[in-house]
Each structure stands twice: as structure tokens, then as C-alpha cells.
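Quick note on numbering: the sequence shown equals residues 253 to 435 in our numbering.
No residue lacks a Cβ here, since even glycine has one placed at the ideal position from N, Cα and C.
As C-alpha cells, the structure follows; a few thoughts come after it.
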Amino acid sequence: MAETTQELATDELDAAATDSTAPVAASEAKAKSKRPKKPKKPLLMVGWREWAILSVADHLPVRAKIDTGAASSSVHASNIVEALDPFGRSIASFDLHLDDDRSVKTRIHSHLVVASRMVLSSSGHWSSRPVVNLGLQLGDALFETEVTLASRDEMEFRLLIGRASLRKRFCVDPCQSFILGEP
């Protein structure tokens with residue numbers, strides 16, 4: 253009887269050894285099937301404020317605050333009117349005031365609204381803001397990003413560039429300003 257027990261124990265050990273190698277073999281095959289990672293592009297260094305260009309604003313340079321504390325980007329807009337286009341999509345018409353003295357106004361007609369977002373303002377109030385995709389240029393980098401439309405009358409900067417627009421594109425040096433120069 254002792255011999256039978258020893259044989260069973262040996263058989264159980266063999267089965268356990270066979271089962272434990274199966275996951276290792278599967279993980280080795282999975283590792284071999286992975287594609288090599290693409291090399292990461294170097295991040296462009298920006299200061300805490302930079303000159304930017306919005307494609308919808310006649311390519312006028314605008315002083316922008318680079319704000320890693322803000323999740324999303326925001327632009328100063330007034331007279332915001334939301335409506336539905338013939339296809340049932342939400343669109344917005346609005347005025348952009350991007351110069352420092354607020355003397356130049358650019359009217360944007362029928363721009364597609366991609367979302368509406370609840371945003372906590374710097375004054376601590378929640379508000380619903382329309383979100384639009386705008387072309388943005390910082391230095392040589394040109395990309396499309398989501399921007400909320402809001403009244404920034406009381407703010408020093410007409411354009412705030414938040415983390416979502418900066419991610420995987422820029423590295424911020426908070427001790428520097430206008431690193432990229434004026435466009």
C-alpha cells in the first residue's frame with residue numbers, strides 16, 4: 253500500500269509540473285508575437301505662457317497660459333448660440349476675443365459642438381460649457397484639440413491650454429516664458 257501511495261504522489265507531481273509549464277510557454281509565445289514599440293517622439297519644451305495660433309481666428313497670434321492644473325483647454329468666447337444643424341448635430345456660433353485689449357472680434361459661424369462638459373471654474377463655480385475641436389499651433393506643432401467655450405473676461409489670458417492638449421506633445425518648464433518665440 254505504501255508503494256501505491258508513493259506512485260500516486262509521483263504522478264501528482266508530474267501533473268503539476270506539466271500544468272505549471274503550460275502558462276510559461278503561452279506567455280513566451282505571447283511575448284514573441286508583440287510588435288516592437290515605436291520610438292517615442294521627443295517632447296517639445298514650452299514655458300508657462302506661450303504664443304499660440306488658433307486656425308479659426310485668422311491665424312492671429314494669441315498669448316496663451318499653459319496650465320497643467322486645468323484638465324481641458326478653454327478659449328474666451330461671447331455671444332455663444334447653440335443650435336441643431338439639418339442633420340440633428342449640435343453646432344455653435346460665437347465671437348472670439350483673442351487680443352489683449354479686446355478690440356478685435358472674430359465671429360465663428362456654425363462650428364460643430366463635440367460635447368458639453370461640466371467645468372469647475374477658477375472661482376469655484378460649476379458650469380456647462382460647449383466643447384469644440386479647434387486647430388492649435390504652438391511653435392512648429394500643429395494639432396487639433398478639444399477646447400471649451402467660456403467667458404474669460406476677468407482672466408489675463410484669452411486662451412488656456414490644459415493637460416489634455418499638452419499630453420504626449422509638450423513638456424512644461426514653469427520657470428520659462430515664450431520659449432517658442434512669437435509666430
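query                                                                                                                    : result
Test item: CB-CB of E302 and A323 under 7 Å                                                                              : no
Whole-angstrom C-beta distance between H328 and R410, which should lie under 8 Å                                         : 4 Å
First through last residue of the alpha helix (DSSP H) which encompasses L418                                            : R415 to L418
Residue range of the beta strand (DSSP E) that includes G387                                                             : W378 to L390
In DSSP terms, what P313 is bridged to                                                                                   : I305
Option nearest A309 by Cα separation, candidates V383, R359 and D392                                                     : R359
Exposure label - S379; buried when at least 16 CB within 10 Å                                                            : exposed
Euclidean distance between Cα positions of G387 and E398                                                                 : 9 Å
Exposure label - F346; buried when at least 16 CB within 10 Å                                                            : buried
Residue from R341, S375, P382 and V424 whose Cα sits closest to the Cα of G414                                           : V424
Simplified DSSP state of R421, which is helix, strand or coil                                                            : coil
Cut-off 8 Å between Cβ atoms - residues of its own chain near A393, not counting five sequence neighbours on either side : L296, R421 and F422
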